[in-house]
Amino acid sequence: MKTDLKELLSIAKEASLAAGKEIIKIYETGDFSIEAKSDNSPLTKADTAAHQKIVSILRKTKVPILSEEGKEIPYEERSKWEYFWLVDPLDGTKEFVKKNGEFTVNIALIHRNQSVLGVVHLPTSKDLYWAMIGEGAFIEKKGESRTLSTTNKSLSMSGLRVVASRSHMNVETEEYLKKLNQPKIISIGSSLKFLLVASGEADLYPRFGPTMEWDTAAAHIIVNEAGGSVVLKDENLPLIYNKKDLLNPYFIVLPF
Numbered sequence: 198m199k200t201d202l203k204e205l206l207s208i209a210k211e212a213s214l215a216a217g218k219e220i221i222k223i224y225e226t227g228d229f230s231i232e233a234k235s236d237n238s239p240l241t242k243a244d245t246a247a248h249q250k251i252v253s254i255l256r257k258t259k260v261p262i263l264s265e266e267g268k269e270i271p272y273e274e275r276s277k278w279e280y281f282w283l284v285d286p287l288d289g290t291k292e293f294v295k296k297n298g299e300f301t302v303n304i305a306l307i308h309r310n311q312s313v314l315g316v317v318h319l320p321t322s323k324d325l326y327w328a329m330i331g332e333g334a335f336i337e338k339k340g341e342s343r344t345l346s347t348t349n350k351s352l353s354m355s356g357l358r359v360v361a362s363r364s365h366m367n368v369e370t371e372e373y374l375k376k377l378n379q380p381k382i383i384s385i386g387s388s389l390k391f392l393l394v395a396s397g398e399a400d401l402y403p404r405f406g407p408t409m410e411w412d413t414a415a416a417h418i419i420v421n422e423a424g425g426s427v428v429l430k431d432e433n434l435p436l437i438y439n440k441k442d443l444l445n446p447y448f449i450v451l452p453f
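Each position in the sequence shown, counted from 1, maps to that position plus 197 in the numbering used here.
Below is the structure:
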C-alpha cells in the first residue's frame, strides 16, 4: 500500500475539525442524552455524532478505522492491518458533561505498532495540534501555526510541573510524586495532559490508571515529535498499538 502521509494528515485535520463542529453544536444546546457504556463511562449524542462525521471523511482514504465508538473488530482481523486509523471521537466525555471545555477529538494513523501521524482538536478553542513522524509537532491557534517543543528538564529538578488527572489520582501516582522534588501539580482533562508536555507548559505526566489505545495514540506522536517520549512505567520502552488487548499499560510522558 502506497501511503502519502501529508495527504492523510490533511484528511485527518479535516475530519477532526468537522467532528469538532458537531460536538460544539450539541455542547451549546446542553442536550447531551447521556447513556452508560458497558464500562459505565458516559456516552453522549456528541460522541456518536463525532464518530459518524469522522468515519464519513476518513472512509475515502480506504484505510481501516478502529474507533472507540465503532464496532469491535477481532484481533485476528486487525492484526493483519499494516496501516489503520485509531480514533477517539470525543476524548474527555466526563469533561464534556461537566461543561469545562477540556475535551478533544483524537485521530491517529498507526503503522504496524507505532503512531506515525496524529491530530488533536480542541473544539471549544478551535486549537488544532498535529504531528507526522520525522516532521515535527505543531499547533494552529487563531489561524497561526507554531512549532511545539518540550522543556527537556531533568527529573531531579525542583518544582517540576506535573500533570495529574483530577479523576485518576491513586496511591501509585501519589507515591511517584513523593519521589520528585517539590512538584507543582497541574490538573486538566483528556489528551490535553499530553499536549501540556508537548508544548512545554508542563514537564511530566505519569499515568498509572486505565487508558485505552485511542486515548493516547494521536497525542503520543505529537509528544514524540516535540522532543519527548511516552514510555512504560517500569521500563524504557514506548507504548505500542494494535495489541490484542487495547488497554494500555501504565506509562509516563517525559520531556526528553
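No residue lacks a Cβ here, since even glycine has one placed at the ideal position from N, Cα and C.
Remember, it's a predicted structure, so these values are computed and weren't measured experimentally.
Residue state for Asp285 is assigned as strand, using DSSP reduced to three classes. Of the candidates Ser322, Phe281, Glu273, the residue whose Cα lies closest to the Cα of Phe300 is Ser322. Annotation note: the segment 353-431 contains the following uninterrupted alpha helix (DSSP H) runs of length 4 or greater, listed N- to C-terminal: 368-375, 389-395, 410-422.
Exclusion of the five residues before and after Gly298 leaves Thr321 as the residues of its chain whose Cβ lies within less than 7 angstroms of its Cβ. Relative to the Cα of Lys218, the nearest Cα in the group Ile208, Leu283, Val302, Trp278 belongs to Val302. The three-state secondary structure of Ser276, taken from DSSP, is coil. For the options Leu319, Leu314, Leu393, the alpha carbon positioned closest to that of Leu451 is the one of Leu393. Between the beta-carbon of Tyr280 and that of His248 there is about 20 angstroms, and that puts the pair past the 8 angstroms contact cut. Taking the Cβ atoms as the reference, Glu265 lies roughly 5 angstroms from Trp411, within the contact range of under 8 angstroms. CA-to-CA, the gap between Glu225 and Ala334 works out to about 30 angstroms.
Annotation for Lys210: the continuous alpha helix (DSSP H) segment containing it runs 202-226. Listed as beta-bridge partners of Asn303 by DSSP are Asp285, Val317.
Comparing alpha-carbon positions, the option among Asp201, Phe293, Leu401 lying closest to Asp244 turns out to be Phe293. The DSSP-derived three-state label of Glu292 is helix. Relative to the Cα of Met409, the nearest Cα in the group Met329, Asn421, Lys440, Ala423 belongs to Lys440.
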